[in-house]
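In the numbering used here, the protein residues as written are 8 to 563.
Cβ atoms here follow ideal geometry from the backbone N, Cα and C, with glycine treated the same way.
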Amino acid sequence: MKRLVLTYTLFFIAWIMQSCQKPVEVDQIFYNGKIFTARTADEFVEAMAIKNGRIVGVGTQATIQKQFRAPEDQQVDLQGRLVLPGFHDAHLHFWGGAKIQRELDLGGLKSLEAVLEKVRQAVKKTRPGEWIIGRGWDHELWPEKRLPNRRMLDAISREHLIYLKRVDGHAAWVNSPVLRVLRYTRHTPDPPGGKIQRDRYGRPTGILFDKAFSLLDRLIPEPTYSEKKTLIRQAIQQANQLGITSITDNSPDEIYRIYADLYQSGDLTLRVHFFFYYPASFDTLKQLLQQVPPVAEFLQVGPIKLFADGSLGSRSAYLLQPYRDDPGNTGLPQHPFQELLNLVRSVDEAGFQVGIHAIGDGAVREVLDVFAALAEERPDPTRRWRIEHAQVVDSVDFARFQQLGVIASMQPSHCITDLHWAEERIGERSRHAYAWRTFLDRQVTLAFGTDWPVEPLNPMIGLYASVTRQDTLGFPEGGWYPEQRIRLGEAIRAYTYGSAFGVGAEGWSGTLQPGRVADFVILDRDIFNLPPEQILQTRVLETYVNGKRVYPMDRP
Numbered sequence: 008m009k010r011l012v013l014t015y016t017l018f019f020i021a022w023i024m025q026s027c028q029k030p031v032e033v034d035q036i037f038y039n040g041k042i043f044t045a046r047t048a049d050e051f052v053e054a055m056a057i058k059n060g061r062i063v064g065v066g067t068q069a070t071i072q073k074q075f076r077a078p079e080d081q082q083v084d085l086q087g088r089l090v091l092p093g094f095h096d097a098h099l100h101f102w103g104g105a106k107i108q109r110e111l112d113l114g115g116l117k118s119l120e121a122v123l124e125k126v127r128q129a130v131k132k133t134r135p136g137e138w139i140i141g142r143g144w145d146h147e148l149w150p151e152k153r154l155p156n157r158r159m160l161d162a163i164s165r166e167h168l169i170y171l172k173r174v175d176g177h178a179a180w181v182n183s184p185v186l187r188v189l190r191y192t193r194h195t196p197d198p199p200g201g202k203i204q205r206d207r208y209g210r211p212t213g214i215l216f217d218k219a220f221s222l223l224d225r226l227i228p229e230p231t232y233s234e235k236k237t238l239i240r241q242a243i244q245q246a247n248q249l250g251i252t253s254i255t256d257n258s259p260d261e262i263y264r265i266y267a268d269l270y271q272s273g274d275l276t277l278r279v280h281f282f283f284y285y286p287a288s289f290d291t292l293k294q295l296l297q298q299v300p301p302v303a304e305f306l307q308v309g310p311i312k313l314f315a316d317g318s319l320g321s322r323s324a325y326l327l328q329p330y331r332d333d334p335g336n337t338g339l340p341q342h343p344f345q346e347l348l349n350l351v352r353s354v355d356e357a358g359f360q361v362g363i364h365a366i367g368d369g370a371v372r373e374v375l376d377v378f379a380a381l382a383e384e385r386p387d388p389t390r391r392w393r394i395e396h397a398q399v400v401d402s403v404d405f406a407r408f409q410q411l412g413v414i415a416s417m418q419p420s421h422c423i424t425d426l427h428w429a430e431e432r433i434g435e436r437s438r439h440a441y442a443w444r445t446f447l448d449r450q451v452t453l454a455f456g457t458d459w460p461v462e463p464l465n466p467m468i469g470l471y472a473s474v475t476r477q478d479t480l481g482f483p484e485g486g487w488y489p490e491q492r493i494r495l496g497e498a499i500r501a502y503t504y505g506s507a508f509g510v511g512a513e514g515w516s517g518t519l520q521p522g523r524v525a526d527f528v529i530l531d532r533d534i535f536n537l538p539p540e541q542i543l544q545t546r547v548l549e550t551y552v553n554g555k556r557v558y559p560m561d562r563p
């Protein structure tokens, strides 16, 4: 009895002390909302408190308003709206997307003639001898589904240098003047890691794959540094408008310097984890990082980027068995096994994270074999190895992702673009393509992105693709291999927590919980309680980074 009385007495004292405690002063309180924390795939709270750009409390509205106090004008009534963590695009080419404003946009055109007409219009506006640069054509959208050739461009102009990248960035279509600049003839051998398509007489057709056209990007006149900075600033604003607060960016090294400049001027309103392509020298890379040091939580060194193959659309993804629609072709592996092992070992020994582009099941197998060999040589459970894309995976290799701790960095919108032709290209292997459900069931971390400008920057398209596996017109009914669909909460978590985990930032970002940065978005509708097709119409009303509203910029 005495023990019971003592227990109640202590409980009463604790209650009195708690009730007497003053609320903690904070900068902002957001309440009366449906806040998805992303700590799990189904956790919601009603309110959160923010101080110094970080979340200090989440919970019920009553609890947060009791424990915390904010200035009257910083208590925001969410009016029941849905709040998500800010999106973290785990794989995109930000400079590639930003500079599209200067180039010919050929994306989404449904016929060869539509593409050629855009080129004709560009020729009319361009002086002879100058370059016409474009990106986005996709022959899989055209009725004939055949690759074009140089003669089609020559018929428009032989006085301009015409260079048009395919939507995936792994093939290019050029006219004869560009082939002359490259000095490509019937006698030119294919470069390592590249392929020159030829006609039956051995002459280049004007279609180039991977490293066969990489030299062109060094020959084309570049925008000035100031022009690049303006384009990047505009792209950041576009990203914020779509609810993106962090990116893992594949861009040239110079863009890293631009991000640093924008941070200094207060214009870097998203967090950047920067992919560096495999450098000529790690000493040179380290010198760059000494000259332009990373900025804590805003400009971070991400993985070192390597390539194992090309793409499915260009038939250069490396497959274990030949393409169904090209029986003599298994794709274009970029490195023999030992060479790739040596490259990855050098990155690992230099202390950097590794991210390897691998789309075909052959490339994925090779990369997993490399990771397994290094894990045996140099055991280190803290590594965050990544495979970028992982689109086609042999059934026996899913378990190896989990065993080796490999992150699957994937872009859901690729699935709903490719579903129209994937089975024609790879047949039964489609069952193990874009296999998000299988990865999650194997406890593999998914990090979602867009691959912009290969696919649109809007994360809502990726969320829609993840839960439907249908194109934006609802095809096919019921979804393409619907057993690989995932739940909306899982998809959002892959776009937030998973992407943060993919760069080792999950301890301070990616979720809405105490201690994490206050990066979040407010949506115009509750996509958890609507038909999936409405995800595509969903708009971001407001975007916050560090508790500061970055979209729209001016508060009403």
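Taking the C-beta atoms as reference points, D175 is found nearer than 8 Å to V461. The bridge partners DSSP lists for W180 are L171, I214. With the rule of 3 Cβ pairs closer than 8 Å, the stretch 468-479 counts as touching the stretch 489-503. Distances from the CA of D80 to each of Y38, V528, N465 were compared; the closest alpha carbon is that of Y38. In the structure shown, the three-state DSSP call for K312 is strand.
One alpha carbon belongs to V299, the other to D274, and they sit about 17 Å apart.
Within the stretch 392-417, the runs of alpha helix (DSSP H) at least 4 residues long that lie entirely inside it are, in chain order, 405-411. Contact between R142 and E110 holds, with the beta-carbon distance rounding to 6 Å and staying under 8 Å. Put simply, of G509, F359, F344, L215 the residue whose alpha carbon is nearest the alpha carbon of L296 is F359. Shown here for D84: same chain residues with a beta carbon closer than 7 Å to its own, the five before and five after excluded, namely Y38, N39 in chain order. For P92, the enclosing beta strand (DSSP E) starts and ends at 89-92. Under DSSP, no beta-bridge partner is assigned to I239.
Counting only residues of its own chain and dropping the five nearest sequence neighbours on each side, T67 has a CB closer than 8 Å to the CB of V52, E53, A54.
Nearest neighbour of R61 by Cα position, chosen from P559, K555, M560, turns out to be K555. With at least 16 other beta carbons inside 10 angstroms of its own, T503 counts as buried.
By the neighbour-count criterion, in which 16 or more other beta carbons inside 10 Å mark a residue as buried, L226 falls on the exposed side. Under the three-state reduction of DSSP output, R449 falls in the coil class, being neither helix nor strand.
When rounded, the separation of the alpha-carbon atoms in V400 and G200 is 22 Å. Distances from the alpha-carbon of F408 to those of T445, E384, D425, D387 put T445 closest. When secondary structure is reduced to three states using DSSP, L123 falls in the helix class. Within the DSSP bridge table, the entry for F43 names F51 as partners. Spanning the alpha carbons of A69 and R46 requires a straight line of approximately 21 Å.
In terms of Cα proximity to Q418, the closest of A380, A406, E430, H364 is H364. For A365, the enclosing beta strand (DSSP E) begins and ends at 361-365. Per DSSP, E261 is one residue of the alpha helix (DSSP H) stretching across 260-271. Here V510 is buried. Its C-beta has 16 or more other C-beta atoms within 10 Å.
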